[in-house]
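Q:
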């Protein structure tokens, strides 16, 4: 459905993205993961046929984003990072206007409008001015805008940024519901978000794709150790030696009274650590598994560790 | 609905939901109404003086003594209010990031520019139509010829259209509406002054070019009741060229 080949975009001398290639099958959800400024938005804007690339090609359903912008624009729904809302309009007025410029025929427009309002649960606010809506509702109006013409491809730029946790869960749920019939690309800088909604993840850093795989394989490949954080009230001076003596422990890093204990893959140290700490009366305050953060992923990926850079 | 139609409707809606169109129309109509009144009162006083001096009622040409100055003054008022009418059109789309909605929808930049221009022109035409209350009210009490009034209105509409296109260009250059107003206003005054500069360099090639570039001479012809192709071409080509520049500005902003 979406083919991107060797896409490069320069802003003056600055490289926004370099040699980006990936493809998305029909019905697939792809997450674009990377820190701010990595080139996610640039790639997405090229896909919306609103930003010309410096070189390379991007195709949606066989239509070239540069040569056939009108066809491409008909096929996509795009939610930019800042939802493009006319705040002095009501929700209904705004969506009616969007429906018109998306080329929905006048006789079909009322139906399309009701459907999208229903789907996004905007019924209670349809007559209100967008300026007076909460951030969560504004985001839903933004999504409704991308969906009103029932496009087969959805491009969502950071769809949950700035929302509270409850709204984030709602929006993710909506995205999961939209998947299936539609091909969806979404960008995020939050790792759990990518894993929550997408099967496949493309990780981009400094304008280059550093990894691309399904979420399970990516984290399996990247997770080469288990980490546990241990906080003690009164650790003895030789605590590091005691910890390293435990079976399976690879390394211990100390930050004040907190110790980051790394073990070989597949070994949960929490039980052993807890028992030892209590038996030796170190004053156990906290014991938790450390999930891999995006920072870890990036450190891994940018340090060219084995098994990661092998990815084409 | 065509994309242009959708954009025209949206812009008209925005004009009349916000107070901008009402305030601009109010100021324009107040000033032109006052100007018409002053022109009529002055002419009336003069004819009374002539009546006293000559003993019989002089037949003053109302077209020349009332309507011609009113049209000139109307153009000056438009110079002041048109940039206010256009300042929002493109600057705000950029500020609110709604331009992104437009450029990712199946509408062309031409659709956007033409749609916004037509909406502003509609508001302008509405204002001018309302100002026509002055000649209509005067008609039962005085004798004058309608054709020069109609060509005068054509001149004001074309002149206003040219101002609108310049205002749209100003609005395309910035996100800031104040800067858009100042740019458009400055450009309009500059072209206005070309007419004066043309007189300063009268007789030289430069003088001819400057006079031609200024809308004043072309406007004068229409206000006098002379409809000539060259003047119509000046205004229409000027509008199309300025809208084309606006198109290029938006297009170039896509690349950044």
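Residue numbers (the numbering used here), protein chains in the order written: chain S, -18 to 293; chain W, 1428 to 1683.
Every residue gets a Cβ at the ideal spot worked out from N, C-alpha and C, and that includes glycine.
Bear in mind the structure is a predicted one, so any value in this text is a computation, not a measurement.
#1: For residue 1578 (chain W), which residues in chain S fall below 7 angstroms Cβ to Cβ?
#2: How many angstroms separate the CA atom of residue 111 (chain S) from the CA atom of residue 149 (chain S)?
#3: Nearest-angstrom Cα distance between residue 47 (chain S) and residue 54 (chain S)?
#4: Let me confirm a value: residue 1478 (chain W) is counted as buried when at least 16 other C-beta atoms fall within 10 Å, else exposed. Which label applies?
#5: Contact between the stretch 94 to 107 of chain S and the stretch 1462 to 1482 of chain W: three or more CB pairs below 8 angstroms?
#6: Whether or not the stretch 24 to 37 of chain S and the stretch -10 to 9 of chain S are in contact is what I'm after, with contact meaning three or more pairs of Cβ atoms, one per stretch, closer than 8 angstroms; do they touch?
#7: Expressed to the nearest angstrom, what Euclidean distance is found between the alpha-carbon atoms of residue 1502 (chain W) and residue 64 (chain S)?
#8: Determine the DSSP secondary structure at residue 40 (chain S), reduced to helix, strand or coil.
#9: Kindly say whether residue 1440 (chain W), judged by its beta-carbon, lies nearer than 8 angstroms to any beta-carbon of chain S.
#10: Over what stretch of residues does the alpha helix (DSSP H) that includes residue 1500 (chain W) continue unbroken?
#11: In angstroms, rounded to a whole number, what distance separates the CA positions of residue 1611 (chain W) and residue 33 (chain S)?
#12: Could you work out which residues of chain S lie near residue 1675 (chain W), taking near to mean beta carbons separated by less than 9 angstroms?
#13: By Cβ distance, which residues of its chain are closer than 7 angstroms to residue 77 (chain S), with the 5 residues on each side in sequence left out?
#14: In chain B, what lies closer than 7 angstroms to residue 114 (chain S) by C-beta?
#15: In terms of residue numbering, what span does the alpha helix (DSSP H) encompassing residue 1449 (chain W) cover?
#16: Using C-beta distances below 7 angstroms, list every residue in its chain close to residue 6 (chain S), excluding the 5 sequence neighbours before and after it, in chain order.
#17: Using DSSP with H/G/I as helix, E/B as strand and the rest coil, what is residue 81 (chain S)?
#18: Count the other C-beta atoms from every protein chain shown that fall within 10 angstroms of the C-beta of residue 83 (chain S), then say buried if there are 16 or more, exposed otherwise.
#19: For the stretch 1614 to 1650 of chain W, list the alpha helix (DSSP H) runs that are entirely contained and at least 4 residues long, ordered along the chain.
#20: May I ask you to list, following chain order, the residues of the stretch 16 to 34 of chain S that have a beta carbon less than 9 angstroms from some beta carbon of chain W?
#21: Take the Cβ of residue 59 (chain S) as the centre, count every other Cβ of all protein chains shown within 10 Å, and call the residue buried at 16 or more, exposed below.
#22: Please report the distance separating the alpha-carbon of residue 1432 (chain W) from that of residue 1505 (chain W).
#23: With distances taken from CA atoms, which of S:267, S:61 and S:85 is nearest residue 1430 (chain W)?
#24: Evaluate residue 29 (chain S) with the Cβ neighbour count: other Cβ atoms within 10 Å of its Cβ, from every protein chain shown; 16 or more gives buried, anything less gives exposed.
#25: Less than 8 angstroms between the beta carbons of residue 1579 (chain W) and residue 1509 (chain W), yes or no?
#26: Around the C-beta of residue 1668 (chain W), are 16 or more other C-beta atoms found within 10 angstroms, so that it is buried, or is it exposed?
#27: So the alpha helix (DSSP H) residue 1544 (chain W) belongs to, where does it begin and stop?
#28: With H, G and I counted as helix, E and B as strand and the rest as coil, what does DSSP make of residue -12 (chain S)?
#29: May I ask you to list, following chain order, the residues of the stretch 66 to 78 of chain S that have a beta carbon less than 8 angstroms from some beta carbon of chain W?
#30: Just the Cα atoms here: how many angstroms apart are residue 1512 (chain W) and residue 1564 (chain W)?
#31: Return no unless some Cβ of chain W is closer than 8 angstroms to the Cβ of residue 82 (chain S).
#32: Relative to the alpha-carbon of residue 1507 (chain W), which residue among W:1487, W:1567, W:1608 and W:1633 has its alpha-carbon at the smallest distance?
#33: Excluding the five sequence neighbours on either side, which residues of its own chain have a C-beta within less than 7 angstroms of the C-beta of residue 1654 (chain W), listed in chain order?
#34: Applying the criterion that 16 or more other CB atoms from any shown protein chain within 10 Å of the CB defines a buried residue, is residue 269 (chain S) buried or exposed?
#35: I want to see whether chain S comes within less than 8 angstroms of residue 1433 (chain W), judged by CB atoms only; does it?
#36: Strictly below 8 angstroms CB to CB, what residues from chain W border residue 134 (chain S)?
A: The relevant details are as follows:
#1: By one-based count along the second chain, residue 1578 (chain W) stands at place 151. Result: empty, since nearest Cβ-Cβ is about 37 angstroms, beyond 7 angstroms.
#2: For the purposes of this step, residue 111 (chain S) is identified with residue 130 of the first chain, where counting begins at 1. For the purposes of this step, residue 149 (chain S) is identified with residue 168 of the first chain, where counting begins at 1. Taking the straight line joining both Cα atoms gives about 20 angstroms.
#3: For this step, residue 47 (chain S) is matched to residue 66 along the first chain. For this step, residue 54 (chain S) is matched to residue 73 along the first chain. Cα to Cα, the separation comes out at about 11 angstroms.
#4: Within the second chain, numbered from 1, the residue matching residue 1478 (chain W) stands at position 51. Per the 10 Å Cβ criterion, exposed.
#5: no
#6: yes
#7: Here the question's residue 1502 (chain W) lines up with position 75 in the second chain. Here the question's residue 64 (chain S) lines up with position 83 in the first chain. Going by the C-alpha atoms only, they are around 40 angstroms apart.
#8: For the purposes of this step, residue 40 (chain S) is identified with residue 59 of the first chain, where counting begins at 1. Three-state DSSP puts residue 40 (chain S) in a strand.
#9: In the second chain, counting from the first residue as 1, residue 1440 (chain W) sits at position 13. Judged by the 8 angstroms Cβ criterion, residue 1440 (chain W) is in contact with chain S.
#10: In the second chain, residue 1500 (chain W) corresponds to position 73, counting from 1. Looking at the DSSP string, the run of the alpha helix (DSSP H) that includes residue 1500 (chain W) is 1495 to 1522.
#11: Here residue 1611 (chain W) corresponds to residue number 184 of the second chain, with the count starting at 1. Here residue 33 (chain S) corresponds to residue number 52 of the first chain, with the count starting at 1. Taking the straight line from one Cα to the other gives about 30 angstroms.
#12: Along the second chain, read from residue 1 onward, the residue named residue 1675 (chain W) stands at position 248. Correct list: empty, because the minimum Cβ distance to chain S is about 15 angstroms.
#13: On the first chain, position 96 is the one that residue 77 (chain S) refers to. So the qualifying residues of the chain are 90 and 94.
#14: Given the protein chain composition of this structure (S and W), no chain B is represented.
#15: Taking the second chain and counting its residues from 1, one reaches residue 1449 (chain W) at position 22. Annotation for residue 1449 (chain W): the continuous alpha helix (DSSP H) segment containing it runs 1447 to 1481.
#16: Taking the first residue of the first chain as position 1, residue 6 (chain S) is located at position 25. Non-local C-beta neighbours of residue 6 (chain S) in its own chain, meaning closer than 7 angstroms and more than five positions away in sequence, comprise -18, ordered along the chain.
#17: The residue given as residue 81 (chain S) occupies position 100 in the first chain. Annotated three-state conformation of residue 81 (chain S) is helix, per DSSP.
#18: Position 102 of the first chain, counted from the first residue, corresponds to residue 83 (chain S). Residue 83 (chain S) should be labelled buried.
#19: 1632 to 1640 and 1642 to 1650
#20: 26, 29, 30, 31, 32 and 33
#21: Locating residue 59 (chain S) in the first chain gives position 78, where the first residue counts as 1. By the neighbour-count rule (16 or more Cβ atoms within 10 Å), residue 59 (chain S) is buried.
#22: Within the second chain, the letter at position 5 stands for residue 1432 (chain W). Within the second chain, the letter at position 78 stands for residue 1505 (chain W). Distance between the alpha carbons of residue 1432 (chain W) and residue 1505 (chain W): 25 angstroms.
#23: As a working note, residue 1430 (chain W) is residue 3 in the second chain. Measuring from the Cα of residue 1430 (chain W), the nearest candidate turns out to be S:85.
#24: As a working note, residue 29 (chain S) is residue 48 in the first chain. Within a 10 Å sphere around the beta-carbon of residue 29 (chain S) sit 16 or more other beta-carbons, which makes this residue buried.
#25: One-based indexing of the second chain puts residue 1579 (chain W) at position 152. One-based indexing of the second chain puts residue 1509 (chain W) at position 82. No, the Cβ-Cβ distance between residue 1579 (chain W) and residue 1509 (chain W) is not below 8 angstroms.
#26: As a position in the second chain, residue 1668 (chain W) is number 241, starting the count at 1. Exposed: under 16 other Cβ atoms inside 10 Å.
#27: Here residue 1544 (chain W) corresponds to residue number 117 of the second chain, with the count starting at 1. Taken as a continuous stretch (DSSP letters only), the alpha helix (DSSP H) holding residue 1544 (chain W) covers 1536 to 1558.
#28: Taking the first residue of the first chain as position 1, residue -12 (chain S) is located at position 7. Three-state result, residue -12 (chain S): strand.
#29: Cβ proximity to chain W below 8 angstroms picks out 66, 67, 68, 69, 70, 74 and 78 from the stretch 66 to 78 of chain S.
#30: Counting from one through the second chain, the residue named residue 1512 (chain W) turns up at place 85. Counting from one through the second chain, the residue named residue 1564 (chain W) turns up at place 137. Between residue 1512 (chain W) and residue 1564 (chain W), the C-alpha separation is close to 28 angstroms.
#31: Within the first chain, numbered from 1, the residue matching residue 82 (chain S) stands at position 101. Chain W contact via Cβ: present.
#32: Walking along the second chain from the start, residue 1507 (chain W) turns up at place 80. Checking every option, the nearest Cα to that of residue 1507 (chain W) belongs to W:1608.
#33: Along the second chain, one-based indexing puts residue 1654 (chain W) at 227. Sequence-distant partners of residue 1654 (chain W) (beyond 5 residues in either direction) whose C-beta falls short of 7 angstroms from its own C-beta, in its chain, are 1578.
#34: Reading the first chain from its first residue, position 288 is the one you call residue 269 (chain S). Exposed is the call here.
#35: Working through the second chain from its first residue, we reach residue 1433 (chain W) at position 6. Yes, its Cβ sits closer than 8 angstroms to a Cβ of chain S.
#36: Taking the first chain and counting its residues from 1, one reaches residue 134 (chain S) at position 153. The premise fails here: residue 134 (chain S) is roughly 12 angstroms from chain W at the closest Cβ pair, so nothing lies under 8 angstroms.
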